[in-house]
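Line by line, the protein sequences are chains A, B, C and D.
Take the first sequence: its letter number 83 is residue 83 in the working numbering, and every next letter is one higher.
Take the second sequence: its letter number 33 is residue 33 in the working numbering, and every next letter is one higher.
Take the third sequence: its letter number 358 is residue 358 in the working numbering, and every next letter is one higher.
Take the fourth sequence: its letter number 38 is residue 38 in the working numbering, and every next letter is one higher.
Below is one structure, written out as structure tokens; comments come after it.
There are 4 protein chains.
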Amino acid sequence: MRSAGRHFLQIPGPTNVPDRVLRAMDRPTIDHRSAEFADLAHRVFEGLKEVVGCSGPAVIYPSSGSGAWEAALVNTLSPGDEVLVYETGHFAKQWSEIASRLGLLPILIPGDWRSGADAQAIAENLAADGERSIKAVCVVHNETSTGCVTSVPDIRRAIDATGHPALLMVDTISSLGSMPYSADEWQVDVTIGGSQKGLMLPPGLSFNAVSEKALSASKHAALPKSYWSWEEMIAINAKGFFPYTPATNMLYGLAEALDMLNEEGLPNVFARHGRHAGATRHAVEAWGLEVQCNNLGDFSNTVTAVRMPEGHSADAFRKIVLDRFDMSLGNGLSKLADKVFRIGHLGDFNDLMLAGTLAGVEMGLALANVPHRPGGVQTALTALVNESA
Amino acid sequence: MRSAGRHFLQIPGPTNVPDRVLRAMDRPTIDHRSAEFADLAHRVFEGLKEVVGCSGPAVIYPSSGSGAWEAALVNTLSPGDEVLVYETGHFAKQWSEIASRLGLLPILIPGDWRSGADAQAIAENLAADGERSIKAVCVVHNETSTGCVTSVPDIRRAIDATGHPALLMVDTISSLGSMPYSADEWQVDVTIGGSQKGLMLPPGLSFNAVSEKALSASKHAALPKSYWSWEEMIAINAKGFFPYTPATNMLYGLAEALDMLNEEGLPNVFARHGRHAGATRHAVEAWGLEVQCNNLGDFSNTVTAVRMPEGHSADAFRKIVLDRFDMSLGNGLSKLADKVFRIGHLGDFNDLMLAGTLAGVEMGLALANVPHRPGGVQTALTALVNESA
Amino acid sequence: MRSAGRHFLQIPGPTNVPDRVLRAMDRPTIDHRSAEFADLAHRVFEGLKEVVGCSGPAVIYPSSGSGAWEAALVNTLSPGDEVLVYETGHFAKQWSEIASRLGLLPILIPGDWRSGADAQAIAENLAADGERSIKAVCVVHNETSTGCVTSVPDIRRAIDATGHPALLMVDTISSLGSMPYSADEWQVDVTIGGSQKGLMLPPGLSFNAVSEKALSASKHAALPKSYWSWEEMIAINAKGFFPYTPATNMLYGLAEALDMLNEEGLPNVFARHGRHAGATRHAVEAWGLEVQCNNLGDFSNTVTAVRMPEGHSADAFRKIVLDRFDMSLGNGLSKLADKVFRIGHLGDFNDLMLAGTLAGVEMGLALANVPHRPGGVQTALTALVNESA
Amino acid sequence: MRSAGRHFLQIPGPTNVPDRVLRAMDRPTIDHRSAEFADLAHRVFEGLKEVVGCSGPAVIYPSSGSGAWEAALVNTLSPGDEVLVYETGHFAKQWSEIASRLGLLPILIPGDWRSGADAQAIAENLAADGERSIKAVCVVHNETSTGCVTSVPDIRRAIDATGHPALLMVDTISSLGSMPYSADEWQVDVTIGGSQKGLMLPPGLSFNAVSEKALSASKHAALPKSYWSWEEMIAINAKGFFPYTPATNMLYGLAEALDMLNEEGLPNVFARHGRHAGATRHAVEAWGLEVQCNNLGDFSNTVTAVRMPEGHSADAFRKIVLDRFDMSLGNGLSKLADKVFRIGHLGDFNDLMLAGTLAGVEMGLALANVPHRPGGVQTALTALVNESA
């Protein structure tokens, strides 16, 4: 049976793609070697660099976000290099596994998946690395699996304090375009991004933003690479072209999405995400449930992972919400499987969509017989009314 | 500044057009004299007749709904004919004014705009019409300006009881496809419909469904007509064509919308509208506000008109809701201007969209300082959970 | 079996709707009583008036073009009024029949369907009308059924020479936006237009552009009217709204189409249509076939009707072209049925589309064994190359 | 100034994306971990395997076609492995360069870029490889830079004749879905494909189809890999999911495109491409120009590269065609730069689009003063009429 009305896609990405972006993509593909294409390319590079806050080159791959992880590594590192990864959650762990598959030696600093990366722990590891074997520090800005944010400036300061020359690589896949970020100001060497979250596109594009230091490192990086290679890419990009056929229609969408972010104004976009995250946490608290992130300052503005009371299945709950209210919520990943559900509140999203989302959660809790106090939605509404728009 | 997320179009029509319908319309126009077109035409006539519940011909005009009002009159009546109209609200009154402009003599039975048409009053008027000057009885099934429904079977019975031969014409513009209706079973002579409400299309198409009796009357109807004339239209429609260029892309959308209604199943569609109307009234009651319709049995399943407390402006409230929450609510019309606001809960709509809608109303009431009790949304959620989907 | 590639819709309207217009229409319907809507409405009225070349009001109906014919008549005339119509072809005749159905007395000046209207004949009829019973002169600017153009300035001069006060009404359905036209300069009292030809929209909108003189006439016009009534329409339009629900998504398309015409520049648009018509006639001549229009100065820039050699069926030929090359050509209407086929070369059209169109005709002639000389396409290409773009 | 009408995108890919595919992609992204997604995934894998003619797994990457080249290599080979590549043209050479960058040792058999791969030369190289150092033979089925086809069965037989165990890898990027191909029948170990040619999608997806033998090889392949790794991909694909976020909207398009190919019927699709290629060569011959492919049996059915007469610039010619006729033609690549132009006649294409394309070429030749005989279009039309559809 057909479900009436719009699906609520409240996983933490892909997000609800706005009509304007879909319609912009719904156009005939053009010659990727034409002047018209070059104009488009220049426009998206320009816009993307503003969102990333970088003055150096940005690279756009036709790939998922994990491609951009790989790209960051293969362009800067050599077989056997050590990389220091803080285990903020599932995605940090995945990144470290990818490093391992590529012939690098990841050092995974264990975390409890309930906070951002611990700058102190990173500093200690670097300080202990007298031989400077560690070539890169990898942190996930916003850990999508847990809803915990890492303070990148803190990491930067921690690295600087040790005087360690390792590159700093930051995964911003679920924060870019939703939370303040500045590659230049924070001196991030490689920023990794994707299209399908705050940038409001379907999945299919990923990004690297590259510092001078990372570019230098790439001259001597010995890992084999071709598709991901920055060198030819950056040289050809400068003219508005790509070394291989780009995903033209996705670039149409990206240009439109960047326009939309500018029309709203990035500070407004960030404030909106903050309001929605705050209201969501108020709701969770009102329900008497626990947020996965237990470090106050690390709460994510884009995704809230909610812990299920002992003895209750998050996946059974999510199934009820999907079947009954046509809303997709995020599942718990690896060790959090069935233990948390995740509410995505990012991208092209507004107060009434959030109200509908929280209503679906609250009604789902009731139908799934999950112990909770009603009233979370009402609490969120009060928060939304009281906080200035 | 751009508003993020989707606009909530909660006026009682045009409704939120589903993507499938928009995408179906987003196709090259075809030759309206081709076999491919004839297939399309046969398909939409077939489907439309099922929704109207009629075995006689349905006529589709490229026009707004008011064109279909005019069509019903000019095809069946002659200058100076009397038509009996029950004043359920703004739209009934408008229909009567149109009759007057066309050279007919409308008799408007006054109503207080807070209930459906009074079958007894209609019966009395007909009974008093010894000379059978009244040629048609016109009622609005669902009065969009007030949210009151008229029981068409009651009207039918009242007419039959008097033995009066007047035609029965029913405006279903804001009920068709959302509430049970059967032109055949209820012996309605002309059913008037439009595309932009329960049929989930943009505005631009209107309908007449015509009984045998109405067809007979049309043979002798002396009002001048050309564009609206059924005769040539029905003859040519039978072959899958139109006497003039049809609105082909709107017909694409209609075909898709009819498919969608069938995929959900009309009884399910009707039940869904009933659930949403019920939850909405629960919310209004919880807020301590008054619904415009004050006759229990006449509550509309597609639109709820809410009365503003004395001394408060409905339009000021609606402006706050629009500016702050990007939701359009319906305004009060003519004598209800600024006194009521109307919530449309029809078309392609689901529980979470309703929750978002009611949340916008409740937050708007707070921001506009309209005296009310919080908790309407919460009450509605409870109602939605408890009533089986 | 699916046909590959794009259909060639080379009937003389509806025309190939450009993607930009379809995509503009593929957007959620907005509240037709909102400020956003009023902006849209002002924009389309402004743009439409530029294309029509009128300073007085333009009226937009959700209807097919025949609705605008009816509107022109019912707003300005009274029962029994005489209207003088020159029979340029099928559509002029239809207009006259509509006048008749509405209670007017059309005087149809017979024509041979092979030229534009004869100004001299019109002048003679007016001069003979000592009692000034003729209230309107109706001419079709570009007769879509024959591909013959009427010189409106000639008609204007002929009327003026007689000193007759009749209104001048001009049907521009298949010329507007494709051929030079100026309601003000040519002192046309009512201009009739439609959306689905040079304006590049799907069918569903029609227009009236109204002179001061026509407005004055409308004060005393006694034909009954409501849907088509200018009075309320013009008053409400001034504020950016409509007396009944407008066809919002069609208006989105109209705004986009007007932008496109302006981006190309109307003089360029007109020149393009002229080049294509010229090249088409060169091809027809090269094939040794005859153009229906036999008056050199009256050749249409938007449609070419080609006469079939005696003993050959135009419809059989058209069917072969459709089945084999997926191209729709226009059929012969009423007395030209099966005797001519019509090539539409208007709207969003370019040289290569024309080449494909003429290629389809030439290959179809071969497959249908219609006597002709090959080489028409080649001749057209030479013409296109030689005439400056 | 805006160009009217549709752009003719006659580069040999990306091709003219059909509306149905664009519209299918123009839909909200869904949860890539939902049952609805799994249905979609199963459907596209099934359909893709039919087009490739393979019973083993097909892998779909969010990437351009060059990603699939890389994937074929890194999944099956180890550092220092030799790969034998026949230099059919630019793309074969690029593939060999990629192999080199990845740490493989390509042996490039030189070719003159005017024919398909020489099976005899490949056989000789393999026969001479007593140590079996060559691990893979790489050929491009349809060399997009030259319009020459390689007979894969011939290559297969040549390899088999030597008894050499090297894997056979075939790039079908510009042939898949346009020309007959069967990975199973021809015993191809890795087939490389892309979305933006015969599959009628925008660029952004690439494919590998994998034989049992290639799968076995992958168990011991030592090149580092993660994004491209088949192992996890194939395992997770079996359940309808992906190890990382897939390009969901591209998959919508792929599903639609596969439906379209089936509706037309693959044999009909192939025959259509053959007809169009034949007509194109007839035109080139009639113009007195030379086709780059000089081996009769190797003419491509999807792209025709035409040599410019000495002293004339292909790029100057292409610019005139673009500026004047809004058609994009393919440029000459690397050593063919400015020496050839390439006509793409593949994908969603029909007779009249081809006629328009050839008309644009012929008019461009005239405007660019390229010595040629007029009449190529006319010759092509005759060919199209005479060959059964």
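Every residue gets a Cβ at the ideal spot worked out from N, C-alpha and C, and that includes glycine.
**Item:** Burial state of A/Gly163 (16 or more Cβ within 10 Å)
**Value:** exposed
**Prompt:** Any idea what DSSP makes of B/Tyr61, helix, strand or coil?
**Reply:** Secondary structure of B/Tyr61 (DSSP, three-state): strand.
**Rounded straight-line distance, which links the Cα of B/Arg324 to that of B/Leu367** = 9 Å
**Prompt:** Going by the CB atoms, is the gap between C/Ser206 and C/Gly198 shorter than 8 Å?
**Reply:** no
**Request:** Please list, in chain order, all residues of the same chain as C/Trp252 whose beta carbon is under 8 Å from its beta carbon, the five residues on each side excluded.
**Result:** The amino acid occupying residue 252 of chain C in the given sequence is Tyr; Trp does not appear at that position. Here the set comprises Ala24, Met25, Arg27 and Leu40.
**Request:** Taking all protein chains shown into account, decide if B/Pro202 is buried (16 or more other Cβ within 10 angstroms of its Cβ) or exposed.
**Result:** buried
**Prompt:** What are the residues of the segment 29 to 59 of chain A that lie near chain D, defined by any Cβ-Cβ distance shorter than 8 Å?
**Reply:** Thr29, Ile30, Asp31, His32, Arg33 and Ser34
**Asked** Going by other Cβ atoms of all chains shown within 10 Å of its Cβ, with 16 needed for buried, is B/Leu381 buried or exposed?
**Response** buried
**Request:** Using a Cβ-Cβ cut-off of 8 Å, state whether A/Leu9 counts as contacting chain B.
**Result:** no
**Prompt:** Should the segment 294 to 305 of chain B be regarded as contacting the segment 146 to 153 of chain B, the criterion being three or more beta carbon pairs within less than 8 Å?
**Reply:** yes
**Request:** Give the single residue among B/Leu329, B/Phe349, B/Asp351 and B/Leu333 whose Cα lies nearest to the Cα of B/Gln10.
**Result:** B/Leu329
**Message:** Nearest by alpha-carbon distance to D/Gly130: which of D/Pro14, D/Met327 and D/Pro165 is it?
**Reply:** D/Pro165
**Request:** Assuming C/Ile98 contacts B/Ser226 (C-beta within less than 8 Å), just tell me the rounded distance between them.
**Result:** Sure, about 5 Å apart at Cβ, within 8 Å.
**Counterpart residues of B/Leu84 in DSSP-defined beta bridges** = B/Ile107 and B/Val137
**For A/Ser66, the nearest candidate out of D/Ile320, D/His345, D/Ser313 and D/Phe242 (CA to CA)** = D/Phe242
**Message:** Below 9 Å on C-beta distance, what does B/Arg407 contact in chain D?
**Reply:** The question about residue 407 of chain B has no answer, for chain B in this structure spans 1 to 389.
**Message:** Less than 8 Å between the beta carbons of B/Glu264 and A/Met1, yes or no?
**Reply:** The Cβ-Cβ distance between B/Glu264 and A/Met1 falls below 8 Å.
**Minimum C-alpha distance to C/Ala257 - residue among C/Thr357, C/Phe91, C/Glu387 and C/Glu50** = C/Glu50
**Asked** Is the Cβ of B/Asp19 closer than 8 Å to any Cβ of chain D?
**Response** yes
**Message:** Tell me which residue opens and which closes the alpha helix (DSSP H) that D/Asp351 is part of.
**Reply:** Counted as a single uninterrupted DSSP element, the alpha helix (DSSP H) harbouring D/Asp351 occupies residues Asp351 to Leu367.
**Asked** Is C/Ala92 near D/Asn350, with beta carbons less than 8 Å apart?
**Response** Here C/Ala92 is not near D/Asn350, since their CB atoms are 8 Å or more apart.
**Asked** Listing by chain order, which chain B residues have their CB less than 8 Å from the CB of C/Gln187?
**Response** Within chain B, no residue comes near C/Gln187; the closest Cβ sits about 27 Å away, beyond 8 Å.
**Request:** For chain A, find out if any of its Cβ atoms is closer than 8 Å to the Cβ of D/Lys339; answer yes or no.
**Result:** no
**Message:** Taking the alpha-carbon of A/Ala71 as reference, which of A/Asn208, A/Ala161, A/Leu365 and A/Ala121 has the nearest alpha-carbon?
**Reply:** A/Asn208
**Request:** Compare the Cα-Cα distances from C/Ala359 to each of D/Gly347, D/Thr379, D/Ala35 and D/Gly103 and report the closest residue.
**Result:** D/Thr379
**Message:** With a threshold of 8 Å between beta-carbons, can C/Gly65 be considered close to chain B, or not?
**Reply:** yes
**Asked** For the segment 195 to 221 of chain D, which residues have a CB atom closer than 7 Å to at least one CB atom of chain A, in sequence order?
**Response** Gln196, Pro202, Pro203 and Gly204
**Prompt:** Given a threshold of 16 other Cβ atoms within 10 Å of its Cβ, counted over all protein chains shown, does C/Asn369 qualify as buried or as exposed?
**Reply:** Flag for C/Asn369 reads exposed.
**Message:** Which same chain residues end up closer than 7 Å to B/Gly356 when comparing Cβ atoms and leaving out the 5 residues on each side of it in sequence?
**Reply:** Phe8
**Prompt:** Whose CA, out of D/Ala161, D/Ile159, D/Ala158 and D/Ser195, lies closest to the CA of D/Thr172?
**Reply:** Answer by Cα proximity: D/Ser195.
**Request:** Taking only the alpha-carbon atoms, compute the straight-line gap between D/Asn237 and D/Phe270 and give it to the nearest angstrom.
**Result:** 29 Å
**Asked** Can you tell me the Cα-Cα spacing of B/Leu261 and C/Gln94, whole angstroms?
**Response** 38 Å
**Asked** Going along chain C in order, which residues have a C-beta closer than 7 Å to the C-beta of D/Ala366?
**Response** Val385
**Item:** Other residues of its chain near C/Arg275: CB distance less than 6 Å, five sequence neighbours each side excluded
**Value:** Glu387
**Asked** At what residue ranges does the segment 223 to 279 of chain A contain a whole run of the alpha helix (DSSP H), taking only runs of 4 or more?
**Response** 230 to 237 and 248 to 264
**Prompt:** Could you give the C-beta distance for C/Lys239 and C/Ala38, rounded to a whole number, given that I count them as a contact under 8 Å?
**Reply:** That belief holds up - the Cβ atoms of C/Lys239 and C/Ala38 are roughly 7 Å apart, short of 8 Å.
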